[in-house]
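Q: Just so you know, we're using the working numbering here: the sequence shown kicks off at 109 and counts up by one. Glycine included, C-beta positions come from ideal geometry on N, C-alpha and C.
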Amino acid sequence: MFQCHARLSRDRGFVVKAQGVGERRIAACAPKSFKIIPGSICAPLGFKAAAVFCGIKRRKLDLALIASDVPAAVAGLFTTNQVCAAPVRLSAQR
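(1) Whose C-beta lies closer than 6 Å to the C-beta of CYS137 among residues of the same chain, with five residues either side of it excluded?
(2) I need the straight-line Cα distance from ALA126 to PRO152, nearest angstrom please.
(3) Quick one: residues in its chain with C-beta nearer than 6 Å to the C-beta of ALA200, no 5 flanking neighbours on either side, listed in chain order?
(4) Where THR188 and ILE164 are concerned, what is the direct C-alpha to C-alpha distance, given to the nearest angstrom?
(5) Closest to LYS156 by CA distance: which of ILE174, ASP170, ALA194, PRO179 is it?
(6) Cutting at 7 Å between CB atoms, please list the residues of its own chain near SER176, excluding the five before and the five after it.
(7) Determine the DSSP secondary structure at ALA157, reduced to helix, strand or coil.
(8) Taking the DSSP output, what are the residues bridged to ALA172?
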C-alpha cells in the first residue's frame, strides 16, 4: 500500500514523504505541476462530494466527504500545532 505524508516547509512549499521514495520538495505555487479545474468541488470527473451540518460550526456545513470512483493515491496536510482535536491526531497517525 502506498502511504504519503506532506507538510508545509518554511519556504511555503510542501515536503512530501512517500514510502520507498524519500522526501521531495514541491513549490507552493507550482502551476506546471497542478491543473486548476474551474467549477465546484464536483467538477473533476470521477469524484463525488457531500457536506452536512454536524454542529461543529454555527449554521454552516461543517463536515465534508470526498470520494474517488476508482482507487487513488492521496495526501493529507496536518497542523503541527500541539493543540488539535482527537480526530486530527488520529488521522495524522494513520
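A: Put simply:
(1) Its pLDDT being 48, under 50, CYS137 is placed unreliably in this model, and the coordinates cannot settle the point.
(2) At ALA126, the pLDDT of 47 sits below 50, so the modelled position is not reliable and the matter cannot be decided from this model.
(3) PHE186
(4) THR188 and ILE164 have their C-alpha atoms spaced approximately 21 Å apart.
(5) ILE174
(6) Cβ contact annotation for SER176 (same chain, cutoff 7 Å, sequence separation greater than five): GLY154, PHE155, in chain order.
(7) strand
(8) ALA159
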